[in-house]
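Position 462 of the sequence shown, counted from 1, bears residue number 474 in my numbering, the numbering being contiguous throughout.
A virtual CB, placed ideally from N, CA and C, is assigned to each residue, including glycine.
What follows is a short report on a single structure.
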Amino acid sequence: LVFENISEGIMICNEDGIITAINPAFTKITGYDELTTIGQNASLLNSNNAENLDLYRQSKAIVMMQGKWKGEYIFKNNKGMDIPVHLSISAIKSKNKISSLMYVFSDIAERKQAQKHIHNLSYYDPLTNLPNRLHVHEKLFDMLEVAKSTNHSIAVIYLDLNRFKTINESLGHQTADKALALVSHRLSETVPEDALLGRMGADEFIIVIENSSIHSEDSSIIKALTNIFKESFELQGQETYINATLGIAHYPEDGLSVEELIRHAESAVAHAKKEEKYMEIYSDELHTRNREHIRFETSLRKALERNEYVLYYQPKIDLKTSKIVGLEALIRWVRPETGLVPPGDFIPLLEETGLIVPVGDWVIKEACRQLKEWQSLGINNITIAVNLSGKQFNQKFLVRNIKQILDEAGVSPEHIELEVTESTIMHQYENVINTLNELHNQNFQISIDDFGTGYSSLSYLKHFPIDVLKVDRSFVMEIPNDKADTAIVNTIISMGHNLNLKVIAEGVETLEQMNTLKDLGCELAQGFYFSKPLPADEILKLLDK
Numbered sequence: 013l014v015f016e017n018i019s020e021g022i023m024i025c026n027e028d029g030i031i032t033a034i035n036p037a038f039t040k041i042t043g044y045d046e047l048t049t050i051g052q053n054a055s056l057l058n059s060n061n062a063e064n065l066d067l068y069r070q071s072k073a074i075v076m077m078q079g080k081w082k083g084e085y086i087f088k089n090n091k092g093m094d095i096p097v098h099l100s101i102s103a104i105k106s107k108n109k110i111s112s113l114m115y116v117f118s119d120i121a122e123r124k125q126a127q128k129h130i131h132n133l134s135y136y137d138p139l140t141n142l143p144n145r146l147h148v149h150e151k152l153f154d155m156l157e158v159a160k161s162t163n164h165s166i167a168v169i170y171l172d173l174n175r176f177k178t179i180n181e182s183l184g185h186q187t188a189d190k191a192l193a194l195v196s197h198r199l200s201e202t203v204p205e206d207a208l209l210g211r212m213g214a215d216e217f218i219i220v221i222e223n224s225s226i227h228s229e230d231s232s233i234i235k236a237l238t239n240i241f242k243e244s245f246e247l248q249g250q251e252t253y254i255n256a257t258l259g260i261a262h263y264p265e266d267g268l269s270v271e272e273l274i275r276h277a278e279s280a281v282a283h284a285k286k287e288e289k290y291m292e293i294y295s296d297e298l299h300t301r302n303r304e305h306i307r308f309e310t311s312l313r314k315a316l317e318r319n320e321y322v323l324y325y326q327p328k329i330d331l332k333t334s335k336i337v338g339l340e341a342l343i344r345w346v347r348p349e350t351g352l353v354p355p356g357d358f359i360p361l362l363e364e365t366g367l368i369v370p371v372g373d374w375v376i377k378e379a380c381r382q383l384k385e386w387q388s389l390g391i392n393n394i395t396i397a398v399n400l401s402g403k404q405f406n407q408k409f410l411v412r413n414i415k416q417i418l419d420e421a422g423v424s425p426e427h428i429e430l431e432v433t434e435s436t437i438m439h440q441y442e443n444v445i446n447t448l449n450e451l452h453n454q455n456f457q458i459s460i461d462d463f464g465t466g467y468s469s470l471s472y473l474k475h476f477p478i479d480v481l482k483v484d485r486s487f488v489m490e491i492p493n494d495k496a497d498t499a500i501v502n503t504i505i506s507m508g509h510n511l512n513l514k515v516i517a518e519g520v521e522t523l524e525q526m527n528t529l530k531d532l533g534c535e536l537a538q539g540f541y542f543s544k545p546l547p548a549d550e551i552l553k554l555l556d557k
């Protein structure tokens, strides 16, 4: 009865590989019925994929030696189409001799399609289909590894569209998106075939050319790129001219790492814009400007001992009750020389210098101190989320340190949510999973930040101790007008609920976005629609309400 009604396909073969029995699910998945399979060799299901044939031989050898094998495999259905399956092969013995093999498999085509979809979201810009920032970083890293061994140079060209915000504001987002797609198309037709072309941000692109040096505006690639913008773009039935500024950095003279080369190319763009030039090559002159950057870093290093950091808090809202149920702690730097420094100006530098580790400890201490103060006022029903950097996971005693901070503050772990990004998880898989398991066992809540922007593999959702998925703001900002983003958000919410996870959407800025999220079943949200990040005293006023 189980054989007939189970949802997995089952096939039984004798020792010669001849099919002796199949179940109804086998027919449903493969299209083959008993008439066309019984008495046939199981190889009729084999895909012609060479890699798959190698796997077939390997799996068969393992079964003969160990009695079982399982893994992902590709079958061929009765129409000759490949079907990805999760396959388990077990040997059935009679008198200590293998008499038959039982194949149990399930169709994983939908899961594979979902992984492919997430992969494309993670690595490619949906508007232009170009590699996104993450993908560019990874590919440039690989190119640098090759260049180091071959002693070849690399030219990095950063291209920033000028005054593109004007097109956005005057012609609207849809027309601006069309303009970006047109620019992308022209760039694709212009750059060398073996060059890396990617979209780095809203109106920023990058071109990386191996074994190349660009030392003047007379370079053929620079001429070709500037010619792109000499022709008008047709937008809303009228001719529109777009221009761009280029910044160029070279490996190895301007930097040895991905981050350094991109930063220097961006620095060249910024200098060109300031000087109202269309192109700038990174140079010693620009290096002088970076001395201010060094002074900035020095101030950053002293900020902790000078108590210049403060925490702001952004409320997390229960969409059913409209009540504040939690807060996200966000660090701010009040620099005496300049006042409040934008997070984007100093947090990357904290990461780069390793200062994020002591500063991260301070954030947890301050969040716990503040939470305890609020609890003393009778506010006991909120949690505070703090972000854990990848570098913090390199601490040998991270779990012990965090627990000690909470014990000293008198705060229970149930009231602290620890946010980790997808990229942190995948870059330090073993280290992170062990640490998160320890923290989860201590009753800390674990949240995945920026979900959907990092990596294609969904397996970590099953293996990691996760309580909350945070839908990245990049998917929320265009809903409900963008059907693709709405579908993605719906998929993430459904996926989270199916895995018994809470789902929170970040970056909610409009009533329409909030209502859409409610309709999709999202239970929590945060964003400027509810409140911008606020200092503790202003948050207290909201909590009192």
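Closest in C-alpha terms to Ser161, from the list His131, Tyr263, Ala214, comes Tyr263.
At least 8 angstroms separates the beta-carbon of Val148 from that of Ile219. In the DSSP annotation of this structure, Met489 is not part of any beta strand (DSSP E), being labelled neither H nor E.
A distance below 6 angstroms between beta-carbons, with the five flanking residues on each side excluded, links Val398 to the following residues of its chain, in chain order: Ala341, Val375, Ile376, Ala379. In the structure shown, Glu317 adopts coil according to DSSP, grouped into three states. Residue state for Val480 is assigned as strand, using DSSP reduced to three classes.
Taking the C-beta atoms as reference points, Leu192 is found no nearer than 8 angstroms to Thr257. Here Arg381 carries a helix assignment [DSSP, helix/strand/coil].
Leu448 and Val353 have their C-alpha atoms spaced approximately 31 angstroms apart. Excluding residues up to 5 positions away in sequence, Ile491, Pro492 lie with their Cβ nearer than 6 angstroms to the Cβ of Thr498 in the same chain. When only Cα atoms are considered, Val432 and Asn319 end up about 26 angstroms apart. In the structure shown, the three-state DSSP call for His164 is coil. When only Cα atoms are considered, His283 and Ile417 end up about 44 angstroms apart. Residue state for Arg175 is assigned as coil, using DSSP reduced to three classes. The beta carbon of Asn89 sits closer than 6 angstroms to the beta carbons of Thr42, Gly43, Ile95 from its chain, once the five residues preceding and following it are set aside; these are given in chain order.
Inter-residue distance for Glu201 and Lys544 is about 43 angstroms (C-alpha atoms, whole angstroms).
About 6 angstroms separates the beta carbons of Leu298 and Ala280, which is inside the 8 angstroms limit, making them a contact pair. In the DSSP secondary-structure assignment, Met507 is not bridged to any residue. Taking Leu532 as the centre and dropping the five residues before and after it, the same chain places the C-beta of Val501, Asn502, Ile505 closer than 7 angstroms to its C-beta, in chain order. Here the segment 226 to 244 makes no contact with the segment 315 to 335; the two share fewer than three CB pairs at distances below 8 angstroms. Contact between Leu209 and Leu194 is ruled out by a C-beta separation of about 15 angstroms, above the 8 angstroms threshold. Taking C-beta separations shorter than 7 angstroms and ignoring five residues to either side along the sequence, the partners of Lys190 in its chain run Leu247, following chain order.
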